[in-house]
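A.B. asks:
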Amino acid sequence: MVEIKMQHTDVVIVGFGWTGAIMAKELSDAGLRVVALERGVNRDLSTDDLYPGVIDELTYGTRGKLFQNLSRETVTIRHAANGTAVPYRQLHAFLPGDGVGGAGLHWGGVHFRVSPDELRIRSHYTERYGRKFIPEGMTAQDFGITYDELEPYFDFAEKVFGTSGVAYTVKGKVVGKGNVFAPDRSHDFPLPPMPEMYTGTMFRKAASDLGFHPYPIPSADAGGPYTNPYGAQMGPCNLCGFCSGYVCYNSSRASPNLNILPALKLQPLFELRTRSTVQKINLDSTRSKATGVTYIDASGRSVEQTADIVLLCSFAYNNVRLLLLSEIGKPYDPVSGTGVVGKNFTYQNVAKINLQLDQERYTNSFIGSDGAGVAIDDFNADHFDHGPLGFVGGSAIWSAHGGNKPIAAQPIRHGAPQWGSGWKKELKQSYLHSTAVALQGSCMAYRDCYLDLDPTYRDVNGLPLLRMTFDWKDNDTRMMAYVGEQAMKIARALSPVEISSGLRKPGAHFDTRTYQTTHLNGGAIMGSDPSTSVVNKYLQVWQVPNLFVHGASAFPNGLAYNPTGLVAALTYYSAAAVKAHYLKSPHQLIAI
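Using the working numbering, the first residue of the sequence shown is number 10, and each one after it goes up by one.
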């Protein structure tokens with residue numbers, strides 16, 4: 010029963026990470042009253058998480074201060090529909106954020122655009138390789154939007170984030186030594202690339218000697234002092250090594266808290282309510298219009314917030330859960346292939362080849378930044394001929410020197426002692442002389458990988474948990490094996506004294522005990538057909554025109570690239586459509 014009814018607002022936003030902050034800024038600047046609801050605590054960079062406490066590895070890296078409390082709400086996971094799902098009880102495989110800024114506060118800052126071909130992946134592969142090339146059961150589909158439509162919004166997002174990098178072409182003209190496979194840009198990066206680590210220099214030479222095309226990883230870690238379009242100031246990264254999982258105490262890594270929230274605080278039309286856990290989206294009697302949301306406040310009271318526009322901006326799979334709890338859209342059925350909510354859940358393929366170098370080469374692994382790296386895209390997307398290989402997708406290969414922490418340390422030599430004085434001796438010898446070649450690959454969508462509500466387990470408020478049905482498939486395993494062979498060529502060219510491969514073996518199951526990425530996608534996917542997608546290209550729910558769903562939940566397929574760059578561009582694209590068209594006459598922006 011609702012105990013409190015708040016004053017009506019123009020817009021209510023569920024979740025305050027990157028997408029929530031972007032939409033709040035864009036719509037409040039357009040003159041709308043905006044209320045943002047964040048279930049976690051406030052995280053104010055001017056008072057919280059200051060140096061030196063912020064580089065406490067036990068508090069942040071081990072105990073996960075910035076991550077979701079799984080004892081209150083989690084997901085359940087199983088490998089197949091005939092299996093038994095069990096709760097994800099310890100933070101290992103992926104790390105959903107908690108509090109203001111969400112995962113955008115603890116990310117590493119790697120900030121890619123997208124290959125144009127991947128936005129129309131099914132059409133592209135069938136046109137180039139034939140319809141039979143797509144494996145049976147693979148449900149990957151086009152995004153329903155083009156790179157050219159998104160390019161101005163990629164450009165603006167990079168200016169907001171203060172992204173560091175170097176372009177290859179700008180307006181069709183070669184301007185620098187960037188990624189030769191990258192799509193054309195309207196402007197160069199706002200900042201020059203991050204400093205290149207010694208390991209990056211070694212990787213660059215080895216990759217170049219093999220005929221590949223290395224380039225600096227684009228990074229939202231500031232490569233120099235910067236002021237963004239909202240007036241937010243960033244300081245140059247000092248390569249402290251405490252990036253992913255930590256607040257950047259130096260104001261060098263982009264986050265909603267640093268790059269957008271200070272400007273929003275000056276906006277009288279904006280209000281942020283923390284410790285507000287949304288339970289459902291409310292609909293009118295026709296079930297074609299959202300009337301607002303119901304949430305539990307910090308005192309445990311049930312509160313109703315009515316609004317003209319509702320924006321779902323929470324973490325990717327939580328968007329899906331809220332749609333299912335609110336009975337919006339038809340739940341996906343993997344048996345019949347019908348329904349859309351929960352469809353095309355994807356993750357990301359990752360692997361690492363660890364290298365021990367000789368004692369004369371110092372890598373100084375305590376120095377670094379997640380974005381201070383060098384990559385190749387020769388085997389990403391469809392930049393190589395898939396025809397003879399028989400798989401869909403690809404992977405980036407890189408050397409990213411993120412900085413090894415004292416507790417997490419660095420893998421030691423194979424066969425070395427795992428504890429005691431022998432372990433300490435081996436760690437001392439390996440810590441300054443180790444590096445890695447990493448792969449981050451795409452993950453295709455499949456008919457039997459999906460999200461739904463768990464029939465057994467519930468959260469602390471009594472609502473069903475989200476159930477994740479997911480496992481690795483042969484296509485993706487073969488793709489990683491092939492790209493892994495190419496990565497191994499680079500690794501061997503570095504002349505290590507030992508190589509330890511972390512490539513996944515055929516038949517291996519998804520293992521939640523080891524961190525992979527927090528790049529979870531799909532479940533509320535976008536597209537051009539309401540029978541196969543939840544939202545249109547403006548991220549507007551087909552059946553409920555005043556409800557928009559933002560984030561990587563809209564991705565109908567998993568990319569090799571980190572999702573944040575595409576998420577931000579799609580959000581700015583959606584905001585522009587709302588301001589230019591929807592506000593003038595609230596309606597379905599694409600006719601059904």
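All C-beta atoms in this analysis are idealised placements derived from N, C-alpha and C, irrespective of residue type, glycine included.
State whether the segment 107–116 contacts the segment 73–84, with contact taken as three or more CB pairs (one from each stretch) at a distance under 8 Å.
C.D. replies: Result yes; three or more Cβ-Cβ pairs closer than 8 Å.
A.B. asks: Label Leu200 either buried or exposed according to how many other C-beta atoms from any shown protein chain fall within 10 Å of its C-beta, with 16 as the threshold for buried.
C.D. replies: Leu200 comes out buried.
A.B. asks: State whether the segment 128–136 contacts the segment 546–554, with contact taken as three or more CB pairs (one from each stretch) at a distance under 8 Å.
C.D. replies: No, the segment 128–136 is not in contact with the segment 546–554.
A.B. asks: Can you look up Trp551 in the DSSP assignment and give me helix, strand or coil?
C.D. replies: Coil.
A.B. asks: Could you pull the start and end residues of the beta strand (DSSP E) that Ser510 belongs to?
C.D. replies: That run of the beta strand (DSSP E) goes Glu507 to Ser510.
A.B. asks: Which value, in whole angstroms, describes the spacing of the CA atoms of Arg194 and Arg122?
C.D. replies: So the alpha carbons of these two residues sit roughly 10 Å apart.
A.B. asks: Determine the direct distance from the alpha carbon of Gln16 to that of Pro8, and round the result to whole angstroms.
C.D. replies: The requested residue 8 is not part of the displayed model; the chain covers only 10 to 601.
A.B. asks: Could you tell me the distance, in whole angstroms, from the CA atom of Ile421 to the CA atom of Ser323?
C.D. replies: Near 39 Å, if we compare the C-alpha coordinates of Ser323 and Ile421.
A.B. asks: Compare the Cα-Cα distances from Asn51 to each of Pro464, Arg282, Phe400 and Val312 and report the closest residue.
C.D. replies: It is Arg282 whose Cα lies nearest to the Cα of Asn51.
A.B. asks: Across which residues does DSSP place Ile86 in a beta bridge pair?
C.D. replies: Answer by DSSP bridge pairing, in chain order: Val95 and Met477.
A.B. asks: Any idea if Asp164 is buried or exposed, counting beta-carbon neighbours within 10 angstroms, 16 or more meaning buried?
C.D. replies: Buried: at least 16 other Cβ atoms inside 10 Å.
A.B. asks: Between which two residues does the alpha helix (DSSP H) carrying Leu331 extend?
C.D. replies: Start and end: Ala325 to Leu334.
A.B. asks: Considering only residues of the same chain and omitting the five flanking positions on each side of Gly380, which have a CB-CB separation below 6 Å?
C.D. replies: Closer than 6 Å at Cβ, skipping near neighbours: Gly118, Val119, Met203, Ile226, Ser228 and Asp230.
A.B. asks: Pull up the distance between the alpha-carbon of Lys437 and that of Asp461, whole angstroms please.
C.D. replies: Distance between the alpha carbons of Lys437 and Asp461: 47 Å.
A.B. asks: Mapping DSSP to helix, strand and coil, what is Leu472?
C.D. replies: Correct three-state label for Leu472: coil.
A.B. asks: By DSSP, does Ser311 sit in helix, in strand, or in coil?
C.D. replies: Here Ser311 sits in strand by DSSP.
A.B. asks: For a test of the three-state rule: what should DSSP assign to Ile318, helix, strand or coil?
C.D. replies: Note: Ile318 maps to strand in three-state DSSP.
A.B. asks: Could you tell me which residues DSSP pairs with Tyr304 in its beta bridges?
C.D. replies: Answer by DSSP bridge pairing, in chain order: Val287 and Val312.
A.B. asks: Counting pairs of Cβ atoms below 8 Å between the segment 380–396 and the segment 517–535, do you hit three or more?
C.D. replies: Flag = no, the segment 380–396 and the segment 517–535 do not touch.
A.B. asks: If contacts are defined as beta-carbon pairs under 8 Å, then Leu54 and Val189 qualify, I think. What distance do you get, rounded to the angstrom?
C.D. replies: Contact flag wrong, Cβ pair sits at about 37 Å.
A.B. asks: Relative to the C-alpha of Leu529, which candidate in Gly560, Ser540 and Phe142 has its C-alpha closest?
C.D. replies: Leu529 has its Cα closest to that of Gly560, out of Gly560, Ser540 and Phe142.
A.B. asks: What distance in whole Å lies between the Cβ atoms of Thr208 and His410, which are believed to be in contact at a cut-off of 8 Å?
C.D. replies: Contact holds; Cβ gap of about 5 Å.
A.B. asks: Which two residues bound the contiguous alpha helix (DSSP H) that contains Gly62?
C.D. replies: No alpha helix (DSSP H) contains Gly62, which DSSP labels as neither H nor E.
A.B. asks: Restricting to Cα atoms, I'd like to know which of Leu579, Gln597, Leu598 and Ile337 is closest to Phe152.
C.D. replies: Nearest of Leu579, Gln597, Leu598 and Ile337 to Phe152, Cα basis: Leu579.
A.B. asks: Check each candidate in Tyr371, Lys434 and Ala418 and name the one with the smallest Cα separation from Ala425.
C.D. replies: Comparing Cα-Cα distances from Ala425 to each of Tyr371, Lys434 and Ala418, the minimum goes to Lys434.
A.B. asks: Let me know if Val84 comes out buried or exposed under the rule of 16 or more other beta-carbons within 10 Å of its beta-carbon.
C.D. replies: When all chains shown are included, Val84 counts as buried.
A.B. asks: My parser needs the beta strand (DSSP E) runs of 3 or more residues fully inside the segment 207–244; what are they?
C.D. replies: Counting whole runs of 3 or more residues, the segment 207–244 contains the beta strand (DSSP E) stretches 223–225.
A.B. asks: Take Cys246 as the anchor and find which of Gly377, Thr573, Tyr582 and Trp27 has the nearest alpha-carbon.
C.D. replies: It is Gly377 whose Cα lies nearest to the Cα of Cys246.
A.B. asks: Nearest by alpha-carbon distance to Pro565: which of Ile22, Leu332 and Glu127 is it?
C.D. replies: Cα-wise, what sits closest to Pro565 is Glu127.
A.B. asks: When the Cα atoms are used, what is the spatial distance from Gly174 to Gly574?
C.D. replies: Rounded to whole angstroms, Gly174 to Gly574 spans 13 Å at the Cα level.
A.B. asks: Taking all protein chains shown into account, decide if Trp428 is buried (16 or more other Cβ within 10 angstroms of its Cβ) or exposed.
C.D. replies: Under this definition Trp428 is an exposed residue.
A.B. asks: What residues in its chain sit with their C-beta under 8 Å from that of Tyr239, if we drop five residues either side in the sequence?
C.D. replies: Cβ within range, chain order: Lys34, Val169, Asn268, Ile269, Pro271 and Ala272.
A.B. asks: Can you list, in chain order, the residues of its chain with a C-beta nearer than 8 Å to that of His392? Leave out the 5 residues immediately preceding and following it.
C.D. replies: Taken in chain order, the residues that qualify are Ser124, Phe190, Asp386 and Gly403.
A.B. asks: Contact defined as beta carbons within less than 8 Å: I believe Gly301 pairs with Val21. What is the distance between those atoms, to the nearest angstrom?
C.D. replies: About 6 Å separates the two Cβ atoms, so the contact holds.
A.B. asks: May I ask you to verify whether the segment 56–67 touches the segment 316–331, counting CB pairs closer than 8 Å and requiring at least 3?
C.D. replies: At 8 Å Cβ cutoff, the stretches do not touch.
A.B. asks: Mind the definition here: the segment 449–458 touches the segment 366–374 only if three or more C-beta pairs lie below 8 Å; say whether that holds.
C.D. replies: Contact between the segment 449–458 and the segment 366–374 is absent, because fewer than three Cβ pairs lie under 8 Å.
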